[in-house]
Structure formats: structure tokens, C-alpha cells
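A.B. asks: Residue numbers (our numbering): 4 to 491. Every residue, glycine too, gets a C-beta built ideally from N, C-alpha and C. Note that the structure is a prediction, hence the values are computed from the model and not measured. Let me give you the structure first, and then I'll get to my questions.
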Amino acid sequence: MNTYDQIIQLSLERGFYFPSSELYSDASAGFWEYGPNGVKIKNKFLELWRRELVRRDNMLEIDGSQIMSKNVFMASGHLSNFTDPVVKCKKCLSSFRADKLIQEEANLEVPERMANEGVNELISKYGLRCPLCKGEFSPAERFNMMFKVEIGPNHDEAYLRPETCQSIFVDFSRIYKVSRGKLPLGIAQVGKSFRNEISPRQGLLRLREFYQAEIEVFCNPSQLDNQPRYDEIKNTKLRFYDQKIIELTVQEAIDQKILSNQLIGYYLALLVEFFDKTGIDKNRTRLRKLSDEEKAFYSTIAFDFEVDTSIGWLELVACNYRSDYDLKSHSTTSKTNLEVMDDNSKVLPHVFELSLGVDRCIYSIMEHSYFVDRENDDRAVLKLKPYLSPVHAGVLPLLRKPEFKDKASKLLKNIQRDFDIFYDESGSIGRRYRRLEEIGTPFAFTVDHQTLEDETVTVRYRDSMQQDRIKMSDVKSFLYNNINDYSS
RNA sequence: GCGACGGUCGUCCAGUUUGGUCUAGGACAUCAGAUUGCCAAUCUGGUAACCCGGGUUCAAAUCCCGGCCGUCGCACCA
């Protein structure tokens with residue numbers, strides 16, 4: 004069994020995540036739910052993201068609507084760029100992207116957003132037939148990747164957002180004013196986005212409803228090489244991929260023109276330093292510059308932060324320099340001036356974004372943390388960072404006798420409001436340790452015979468399986484010190 | 001969306017070829033009890049499943065049709 008299957012199995016067995024609506028047979032693909040352990044690791048991951056990016060750089064966090072008006076997506080370009088013309092073969096029912104089909108079969112450059120009528124014309128003009136069975140095509144239809152919703156009794160047209168960042172752009176002007184912002188300014192948001200994928204696959208890796216944690220950095224395009232606190236990160240090493248991996252400091256990458264300015268370098272460095280603390284193996288990550296064909300329609304410079312997994316390289320974060328694409332088009336569509344004052348001059352800010360796929364990160368962290376200990380009965384251990392572990396510690400009475408249970412529940416009561424603690428008195432002590440380490444619990448406190456004499460407990464460490472004794476009264480500070488240890 | 005293959009306790013698998021003995025079996029996990037008392041021990045007992053809908057048949061986990069889901073390939077992937 005490969006690692007991907009092991010993680011799926013662990014997730015199902017231990018309640019990290021599982022398919023949505025699975026009780027019913029009409030449940031469709033691409034929707035998954037986080038169970039109790041999954042929610043805990045997700046929340047802790049997002050707290051780490053806030054710590055290492057949002058708070059570190061004094062960003063502002065908002066929480067926008069998931070349903071947004073049609074005009075938002077007219078302006079953003081999603082209504083025209085997010086729909087593909089599709090034709091179906093009447094005979095074998097295969098469907099094709101019409102623009103690609105015409106391009107290949109008739110050797111014509113066809114714009115993606117060509118109207119259906121244009122597509123139909125070209126198909127009949129060149130007498131195109133199904134490449135698989137030579138059948139005739141039905142008229143072109145649009146496949147829109149956005150979920151359309153209707154609002155109120157008049158069925159007003161609106162959409163579920165396909166990326167969280169549109170509310171950041173739409174809200175930018177107000178946020179900038181009310182928070183007395185200064186460029187460069189990061190605005191962050193965590194939330195659900197929705198895309199009607201044609202064929203979602205592979206659990207958390209390709210979903211129709213998924214979490215994004217996005218950061219939009221608004222900046223003055225004339226100040227990109229005047230980045231505050233640049234010195235903090237100029238020697239941070241980044242791993243670039245172009246045929247092979249090249250490790251360079253931010254400054255070296257700028258000198259070699261791989262990065263075009265300090266601002267991009269600064270935020271890529273923050274991102275990389277953040278991922279260092281997630282437990283994802285740095286040596287299995289890379290920054291890949293996207294070619295013009297791969298880039299999103301709004302992007303002028305694009306890097307993907309990717310991680311190597313058992314099923315190949317996976318894109319975790321899309322880093323796009325969106326220039327003034329969004330603010331300009333929202334400004335035009337809404338007929339509102341979105342310029343702001345910076346250094347006594349009016350400027351329409353440019354945007355650099357770090358768009359992170361939360362669900363993929365959770366999967367990657369689990370996979371990179373999964374460890375089978377060949378020297379100890381092949382025990383399965385999730386070597387999560389203590390601050391990301393769903394359960395911080397176990398509290399275990401060695402024996403199921405009243406005097407042990409009393410001490411244990413006293414300890415539990417003392418710490419369970421500050422930490423995620425699992426109390427377990429069933430089964431042998433070894434079995435209980437194994438259950439805890441399988442979900443990544445870094446510490447276990449065992450109430451044993453000696454506890455009754457001197458009020459100390461055993462601390463057992465997940466990775467080394469070693470044990471120490473500490474005073475019961477010191478357990479809380481032990482946890483504060485060890486759970487909050489972010490030095491990697 | 002197309003094609004191939006698959007879907008049975010929480011998990012993994014047997015049973016489907018050749019319909020009946022399947023009142024669906026095992027392993028691991030889980031629960032209760034006994035025993036032990038610091039690393040998945042042992043014993044006893046329990047809970048727990050044929051993806052959904054329709055059809056063929058005296059009889060369907062097994063055969064047929066449709067749907068859903070999964071894996072892989074093609075296509076798609078802001």
C-alpha cells in the first residue's frame with residue numbers, strides 16, 4: 004500500500020476527514036468533511052499561518068461573503084474566462100473543449116471566450132467531426148466552473164465565489180481607509196471557495212468546495228524595491244525549480260533576475276519560512292515559475308509553491324503578481340475611483356498574492372509526518388509538530404482503580420481547558436500509547452504507583468518513546484513550554 | 001464527461017466464475033468481563049456490512065439494466 008492510501012485509511016479510521024453525505028447514494032464527488040481530528044489540525048494549521056504571516060507582517064484579516072453578486076465576477080473576469088465552450092458528439096457522447104478542438108483539427112487560433120454561435124459556425128465551415136468516432140457534434144454549450152445561485156423571490160443571479168480574494172479587492176478601499184493603512188499592506192482571508200470541477204478526484208486534493216487561505220499584498224508599483232524589513236529575509240534560502248532545483252538566497256535570486264523585485268522576494272521568503280514550521284520536508288518543496296501558458300488570466304508573474312508527495316508534485320500555494328488587474332477592473336465596472344494616497348501621491352495599488360490551498364496543505368503535512376517505526380513493531384506514528392497535533396497530550400491512569408482514576412481526573416481537570424487532552428483508561432498502557440501516537444499526540448502523562456506516593460507522573464514522548472518523571476503541578480507549564488516551541 | 005476495472009462490518013479481505021448450504025466468514029480495530037500491570041500480551045463474550053434503485057427467478061452479495069462513488073487512462077484543472 005502506498006503512502007497516499009495509508010493516509011486515506013488513517014483519515015477514515017481516525018476521523019480526520021471523510022466523504023460528505025456518505026449516508027446517501029446520491030452524494031456527489033468533490034465534497035469532503037473534516038472530522039474531529041481533522042478540524043483540530045486544520046484550526047492549528049491556520050493559527051500557525053496567522054502567526055507566521057498575518058501577525059508577523061501586520062496584515063489585516065477579513066471574513067467575506069461566500070455568495071457575491073454577478074457584477075463582481077463580471078469585473079473579475081470569471082464570467083467570461085471561467086466558462087469554456089463545450090461540444091458533445093451526438094453518437095459517442097464524448098465531450099470536447101470546443102476551442103481546443105477547433106485549434107487542433109482546423110489549425111486555427113480560437114479565443115477561449117468565443118461565443119457559441121462562432122464556435123458552431125467554425126465547426127460547420129470546416130466540417131469538423133468527432134475525432135473518436137466521426138460522429139456529428141451537437142451545438143456548443145457553456146460549461147461554467149462557477150456555481151450559480153439564485154437570490155430571493157426574483158431569482159437574482161449571483162455566484163458562489165471561485166476564489167476568496169474577490170471580497171478583498173471589493174472591500175479594499177474601505178479597509179484601507181478605516182484601518183489607516185499604508186502600502187505595502189497585506190489583507191488576508193480564510194474561507195471556502197467553490198468550483199464546479201468536471202472531475203474532482205483524490206480526496207482533499209481536488210475539491211468542489213474547499214478552503215483557501217489567501218493573502219493579497221497591496222503595494223505601490225514604484226516602490227517594489229523599497230521593501231520594509233527586507234533585510235530580515237534577504238539571506239533566506241529559496242529553492243527554485245527550472246529543470247533542476249537551485250537553492251538561492253532572496254538577494255541572489257534578485258541579482259540573477261529570477262525574482263524581479265524585493266517585494267516578491269520578501270513575501271516568498273515569509274511563505275517559505277512559514278512552511279518550515281509545518282513539518283513539511285523542506286527538501287521536498289520547490290518554487291516553480293509558471294510559463295505564460297500555465298498562468299491564470301489575471302497573472303503577470305506566477306510562482307507555484309509545490310511539495311513532493313507520494314502521488315507527485317502538488318501545488319500548495321499560487322503566488323501571483325496580479326498587477327492592477329483587479330482594482331482597475333473593479334474600479335471601471337463599479338465606476339468608483341479605487342486609488343489611494345501613498346507618500347503624498349495618488350496611486351492605484353498593484354497586488355501580489357499568496358493563495359494557499361488549505362486542504363492540500365493538511366494532506367501534505369499528514370503525509371510528510373507519517374512514519375512507520377520498523378524498530379518497534381511497525382508502530383504508526385504521525386510525527387506532527389506539537390502545535391499542530393490534534394491532541395496535545397494523553398492522560399492515562401496506569402490501572403483502572405479508583406485511586407489512579409482520581410489522580411488522573413484531577414490532572415485532566417487542571418489542563419483540559421488550556422490544551423487538547425485525551426483521557427483514556429481502556430486497554431493496556433501500550434495500546435493506549437499506540438492509539439495516541441497514531442494521531443500525532445506528542446506527549447502522554449501516566450498516573451502510576453509512584454504518583455500515589457509523591458504526586459509525580461510519567462511523561463512519555465511520542466517519537467523516542469522515552470519517559471521522564473515530572474511533578475503533577477508542573478504538567479501545565481510543561482505543556483505551555485513544549486506545545487509553544489516553534490523553533491524548528 | 002468518455003473508456004477500462006472495481007464497490008461486502010470502522011479498516012483490509014474471502015464469498016460472485018457455476019444463483020440455493022450466506023441465518024454472509026476471517027483478520028485488525030472497537031466494547032464488556034477475566035487476567036496482567038509501562039509499550040499493539042492472553043482468554044471469553046458482544047457490537048458491526050452485501051453502494052442505491054429497478055428487473056430476471058421459486059430463490060440474487062452472486063445474473064441483467066440504470067444511477068452514485070472509487071482507482072487508472074484521456075480530457076479538464078481560475
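1. With a 10 Å radius around its C-beta and 16 neighbouring C-beta atoms as the bar for buried, classify VAL173 as buried or exposed.
2. Relative to the C-alpha of ASP258, which residue among TRP35, LYS237 and LEU186 is closest?
3. Would you call the segment 309 to 326 and the segment 350 to 358 touching, i.e. three or more CB-CB distances under 8 angstroms?
4. DSSP state of GLN192, grouped into three classes?
5. Quick check: ILE60 and GLY189, are their CB atoms within less than 8 angstroms of each other?
6. In this structure, does DSSP put ASN223 in helix, strand or coil?
7. Taking DSSP as the reference, what is the three-state secondary structure of THR449?
8. Short check: CB of TYR270 to CB of VAL320, under 8 angstroms?
9. Taking 8 angstroms as the threshold (C-beta atoms), are ASP427 and LYS479 in contact?
10. Please determine, among GLY397, ILE418 and LYS180, the residue with the shortest C-alpha to C-alpha distance to ILE432.
11. State the Cα-Cα distance for the pair VAL193 and ARG164, rounded to the nearest angstrom.
12. Are the CB atoms of PHE19 and GLY33 nearer to each other than 8 angstroms?
13. Helix or strand or just coil, what does DSSP make of TYR328?
14. In three-state DSSP terms, what is GLY184?
15. Could you tell me whether the segment 273 to 283 touches the segment 47 to 58, using the rule of 3 or more Cβ pairs below 8 angstroms?
16. Roughly how many angstroms separate the alpha carbons of LEU208 and ASN84, rounded to a whole number?
17. Quick check on ASP307: buried or exposed, where buried means 16 or more other Cβ atoms within 10 Å of its Cβ?
18. Do PRO393 and GLY430 count as a contact pair if the criterion is CB distance below 8 angstroms?
19. Are the beta-carbon atoms belonging to ILE10 and MET369 less than 8 angstroms from one another?
20. So is THR454 buried or exposed if we call it buried at 16+ other beta carbons inside 10 Å?
21. Evaluate GLU124 with the Cβ neighbour count: other Cβ atoms within 10 Å of its Cβ, from every protein chain shown; 16 or more gives buried, anything less gives exposed.
22. With 16 as the cutoff for other CB atoms within 10 Å, does SER14 come out buried or exposed?
23. Can you grab the Cα-Cα spacing for the pair CYS222 / VAL310, in whole Å?
24. Check for me: the alpha helix (DSSP H) holding TYR483 runs from which residue to which?
25. Please report the distance separating the alpha-carbon of SER141 from that of SER127.
C.D. replies: Once the coordinates are examined:
1. Locating residue 173 in the first sequence gives position 170, where the first residue counts as 1. So VAL173 counts as buried.
2. Within the first sequence, residue 258 is the residue found at index 255, counting from 1. For the residues TRP35, LYS237 and LEU186, the minimum Cα distance to ASP258 belongs to LYS237.
3. yes
4. The count along the first sequence starts at 1 and reaches residue 192 at position 189. Strand.
5. Against the first sequence, residue 60 aligns to sequence position 57. Against the first sequence, residue 189 aligns to sequence position 186. In the sequence under discussion, the amino acid at residue 60 is Asp, which differs from the Ile named in the question. Contact: yes.
6. Here the question's residue 223 lines up with position 220 in the first sequence. The answer is coil: DSSP assigns ASN223 none of H, G, I, E or B.
7. Against the first sequence, residue 449 aligns to sequence position 446. Strand.
8. If you number the first sequence from 1, residue 270 lands on position 267. If you number the first sequence from 1, residue 320 lands on position 317. In this structure, VAL320 does not lie closer than 8 angstroms to TYR270 by Cβ.
9. As a first step, residue 479 is located in the first sequence; it is residue number 476 there, counting from the start. As a first step, residue 427 is located in the first sequence; it is residue number 424 there, counting from the start. It is not a contact, given that the beta carbons lie outside the stated cut-off.
10. The sequence position of residue 432 within the first sequence is 429, counting from 1. If we check each option's Cα against that of ILE432, GLY397 comes out closest.
11. What you label residue 193 is simply residue 190 of the first sequence in a count that begins at 1. What you label residue 164 is simply residue 161 of the first sequence in a count that begins at 1. Rounded to whole angstroms, VAL193 to ARG164 spans 13 angstroms at the Cα level.
12. For the purposes of this step, residue 19 is identified with residue 16 of the first sequence, where counting begins at 1. For the purposes of this step, residue 33 is identified with residue 30 of the first sequence, where counting begins at 1. No, the Cβ-Cβ distance between PHE19 and GLY33 is not below 8 angstroms.
13. Position 325 of the first sequence holds residue 328. DSSP places TYR328 in helix when its eight states are reduced to three.
14. Taking the first sequence and counting its residues from 1, one reaches residue 184 at position 181. For GLY184, the secondary structure class from DSSP, reduced to helix, strand or coil, is coil.
15. yes
16. As a working mapping, residue 208 is identified with position 205 in the first sequence. As a working mapping, residue 84 is identified with position 81 in the first sequence. Each residue's alpha carbon lies about 23 angstroms from the other.
17. As a working mapping, residue 307 is identified with position 304 in the first sequence. Flag for ASP307 reads buried.
18. Here the question's residue 430 lines up with position 427 in the first sequence. Here the question's residue 393 lines up with position 390 in the first sequence. No, they are not a contact pair.
19. The sequence position of residue 10 within the first sequence is 7, counting from 1. The sequence position of residue 369 within the first sequence is 366, counting from 1. In contact: ILE10 and MET369 (Cβ atoms closer than 8 angstroms).
20. In the first sequence, the residue the question calls residue 454 occupies position 451. The residue in question, THR454, is buried, as its Cβ has 16 or more Cβ neighbours within 10 Å.
21. As a working note, residue 124 is residue 121 in the first sequence. By the neighbour-count rule (16 or more Cβ atoms within 10 Å), GLU124 is not buried but exposed.
22. Position 11 of the first sequence, counting from 1, holds the residue named residue 14. It counts as buried.
23. Your numbering for residue 222 matches position 219 in the first sequence. Your numbering for residue 310 matches position 307 in the first sequence. Their backbone Cα atoms lie some 28 angstroms apart in a straight line.
24. The residue you call residue 483 lines up with position 480 of the first sequence. Start and end: 478 to 486.
25. Position 138 of the first sequence, counting from 1, holds the residue named residue 141. Position 124 of the first sequence, counting from 1, holds the residue named residue 127. Their backbone Cα atoms lie some 11 angstroms apart in a straight line.
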